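Asks: Be aware that the sequence shown starts at 10, since it is given in my numbering, and climbs by one per residue. Yeah, the Cβ is synthetic: ideal placement off N, Cα and C, and Gly gets one too. Since the structure is predicted, the reported quantities are computational estimates derived from the model, not experimental observations. My questions all concern the structure below.
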Amino acid sequence: VDVHTRAIVDHVERSLRKEEESIRPISVEGRTHLSWVLMDLGDVVLHVFQKEARDYYRLEQLWGDAPTERVQDPE
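Below, the structure written as structure tokens:
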């Protein structure tokens, strides 16, 4: 079990619950093996990878030619 991946996913879930309008994931997949965890948050899908899984699936290569939208961090 990857402690680092689990810590990231747990932190994201806790942070979303602290928001004024609590956000709960619609679905979380991959908690069993933790090499790739996918969190469906509705408008956003979050992928948390271990390096080996990221190198293997290469999602950036699949969508590399798609337009990129930069989002500024709210302050």
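Under DSSP, the alpha helix (DSSP H) around SER24 begins and ends at which residues?
Replies: Within the sequence shown, the letter at position 15 stands for residue 24. Looking at the DSSP string, the run of the alpha helix (DSSP H) that includes SER24 is 12-27.
Asks: Considering Cα atoms alone, identify which of PRO83, LEU50, GLY39 and ASP64 is closest to ARG33.
Replies: Taking the first residue of the sequence shown as 1, we reach residue 33 at position 24. Ranking PRO83, LEU50, GLY39 and ASP64 by Cα distance to ARG33 puts LEU50 first.
Asks: If I measure Cβ to Cβ from TRP45 and keep anything under 6 Å in the same chain, skipping five residues before and after, which residues do I get?
Replies: Residue numbering aside, residue 45 sits at position 36 when the sequence shown is read from its first letter. Hits under 6 Å: GLY39, PHE58 and ALA62.
Asks: Just to check my reading of the structure: THR14 and LEU43 have Cβ atoms closer than 8 Å, yes? What is that Cβ distance to the nearest angstrom?
Replies: Here residue 14 is taken as the residue at index 5 of the sequence shown, counted from 1. Here residue 43 is taken as the residue at index 34 of the sequence shown, counted from 1. With a Cβ gap of about 4 Å, THR14 and LEU43 count as contacting.
Asks: From which residue to which residue does the alpha helix (DSSP H) around LEU71 run?
Replies: On the sequence shown, position 62 is the one that residue 71 refers to. Here the alpha helix (DSSP H) through LEU71 covers 68-71.
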